[in-house]
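Working notes for the structure below.
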Amino acid sequence: MKITPIDINSHRFAKRMRGFDPEEVRSFLNLVSGEFERLVIENNALKEELAQIKAGLSDYKERERILKETLLTAQKLAQDIKEEARREGQLVIKEAEFKGGQLLDQAARKAGQIEGMIQNLRVERDAFEARVRSAVEQHLRLLDMHRKEEDVEDRLRFMKKPTAGESA
Numbered sequence: 102m103k104i105t106p107i108d109i110n111s112h113r114f115a116k117r118m119r120g121f122d123p124e125e126v127r128s129f130l131n132l133v134s135g136e137f138e139r140l141v142i143e144n145n146a147l148k149e150e151l152a153q154i155k156a157g158l159s160d161y162k163e164r165e166r167i168l169k170e171t172l173l174t175a176q177k178l179a180q181d182i183k184e185e186a187r188r189e190g191q192l193v194i195k196e197a198e199f200k201g202g203q204l205l206d207q208a209a210r211k212a213g214q215i216e217g218m219i220q221n222l223r224v225e226r227d228a229f230e231a232r233v234r235s236a237v238e239q240h241l242r243l244l245d246m247h248r249k250e251e252d253v254e255d256r257l258r259f260m261k262k263p264t265a266g267e268s269a
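Here this note's numbering = 1-based position in the sequence shown + 101.
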């Protein structure tokens with residue numbers, strides 16, 4: 102059963118002989134009632150403060166939970182970003198290696214083509230040199246032949262030339 106300060110203050114005791122002094126009882130009851138009222142008010146204030154503290158604690162716990170979730174999400178995101186960057190890096194490396202291989206193959210083919218062209222040009226050069234040499238030699242023979250013909254003609258003219266004693 103709950104007792105309030107009003108209950109204490111308004112309570113009436115039965116009168117008996119040789120009982121307590123009613124004024125003293127009343128004075129004491131007023132004193133107890135006042136103290137009880139103060140304690141009830143203090144108790145209510147403490148209950149209210151406790152409720153506020155619990156609400157604040159609940160709020161802080163919720164904030165802590167949210168912060169933990171946010172931290173875990175950020176860590177997971179950072180880990181995912183690192184993993185994605187690693188995968189992309191490996192992909193870039195593989196692609197570069199593939200392209201590098203293609204470029205090397207292409208360069209080797211091009212070098213082979215150029216080597217073939219060089220060989221062809223050497224063959225053509227050798228053939229051209231042979232033709233030029235042949236033409237030069239032929240011209241030299243012709244020049245020699247021409248010279249010999251001129252020498253023969255000069256000799257023939259000299260031989261046919263009337264001498265001073267023959268012409269008269």
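By construction, the Cβ of each residue, glycine as well, lies at the ideal position given by its N, Cα and C atoms.
Rounded Cβ spacing between residue i and residue j (contact assumed at less than 8 Å)
{"i": "Leu130", "j": "Ile109", "result": "6 Å"}
{"i": "Phe114", "j": "Val126", "result": "6 Å"}
Reduced DSSP category for residue i - H, G, I as helix; E, B as strand; rest coil
{"i": "Lys121", "result": "For the sequence presented, residue 121 should be read as Phe rather than Lys. In this structure, Phe121 counts as coil in the three-state DSSP scheme."}
{"i": "Arg210", "result": "helix"}
{"i": "Leu162", "result": "Inspection of the sequence shows that residue 162 is occupied by Lys rather than by Leu. Lys162: helix per DSSP, three-state reduction."}
{"i": "Ile154", "result": "helix"}
{"i": "Lys200", "result": "helix"}
{"i": "Lys148", "result": "helix"}
{"i": "Phe129", "result": "helix"}
{"i": "Lys195", "result": "helix"}
{"i": "Phe114", "result": "coil"}
{"i": "Lys177", "result": "helix"}
{"i": "Lys249", "result": "helix"}
{"i": "Lys103", "result": "coil"}
{"i": "Ala269", "result": "Its pLDDT being 47, under 50, Ala269 is placed unreliably by the model, and nothing is read from it."}
N-terminal and C-terminal residue of the alpha helix (DSSP H) that residue i is part of
{"i": "Ile109", "result": "Pro106 to Ser111"}
Identity of the residue in the options nearest residue i by Cα
{"i": "Arg107", "options": "Val133, Gln239, Lys148 and Ala208", "result": "For the sequence presented, residue 107 should be read as Ile rather than Arg. Selected option, being the one with the closest Cα: Val133."}
Short CB-CB distance (under 8 Å) between residue i and chain D
{"i": "Arg113", "result": "No chain D appears in the structure shown, which is made up of a single protein chain."}
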